[in-house]
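First residue of the sequence shown? That's 9 in the numbering used here, and the numbers climb one at a time after it. No residue lacks a Cβ here, since even glycine has one placed at the ideal position from N, Cα and C. Below is one structure, written out as structure tokens; comments come after it.
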Amino acid sequence: MDLSLSTRTVGDRTVVEVGGEIDVYTAPKLREQLVELVNDGNYHLVVDMEGVDFLDSTGLGVLVGGLKRVCAHEGSLRLVCNQERILKIFRITGLTKVFPIHTSVDDAVAATD
9 MDLSLSTRTV
19 GDRTVVEVGG
29 EIDVYTAPKL
39 REQLVELVND
49 GNYHLVVDME
59 GVDFLDSTGL
69 GVLVGGLKRV
79 CAHEGSLRLV
89 CNQERILKIF
99 RITGLTKVFP
109 IHTSVDDAVA
119 ATD
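Here it is as structure tokens:
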């Protein structure tokens with residue numbers, strides 16, 4: 009399966025909608041997108057993972073790298089995910105303490121965390 013990416017602006021946030029699988033083969037595409045957004049001055053990102061079917065450790069690494077990039081500019085990276093199988097990965101790895109995870113894009117945009 010491939011990875012689909014699209015971006016849009018909601019308020020002062022840039023929303024990255026991700027679909028498909030984030031794995032060793034597709035993660036570089038997501039990394040490039042996040043790096044490009046930060047390089048273009050977008051420091052408050054919301055990654056909408058509702059369309060993600062699979063996430064491996066490479067994908068987690070890309071998200072952590074994205075978080076580090078935005079934090080270097082006093083920005084934020086929030087995740088949107090309701091899928092239990094994906095949320096379980098964040099819980100097992102302890103990344104629920106690192107990433108604010110929301111149930112909808114609207115909640116992520118409105119949050120003050």
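* Asked: For Q91, which residues from the same chain have a beta carbon less than 8 Å from its beta carbon, with the 5 sequence-adjacent residues on both sides left out?
  -> M57, E58 and V60
* Asked: Does the pairing of the region 30-39 with the region 14-22 give three or more beta-carbon distances under 8 Å?
  -> With a cut-off of 8 Å, the region 14-22 and the region 30-39 do not count as touching, because too few Cβ pairs lie within range.
* **Cβ-based neighbour list, T104, same chain, cut-off 6 Å, excluding 5 preceding and 5 following** => Closer than 6 Å at Cβ, skipping near neighbours: F98.
* S12, DSSP secondary structure in three states -> strand
* Asked: Do L13 and V26 have their C-beta atoms closer together than 9 Å?
  -> yes
* Residue range of the beta strand (DSSP E) that D61 falls in? -> H52 to L63
* Asked: Which residue comes first and which comes last in the alpha helix (DSSP H) that contains V117?
  -> V113 to A118
* Report the rounded CA-to-CA distance for I109 versus G74, giving the unit in angstroms. => 15 Å
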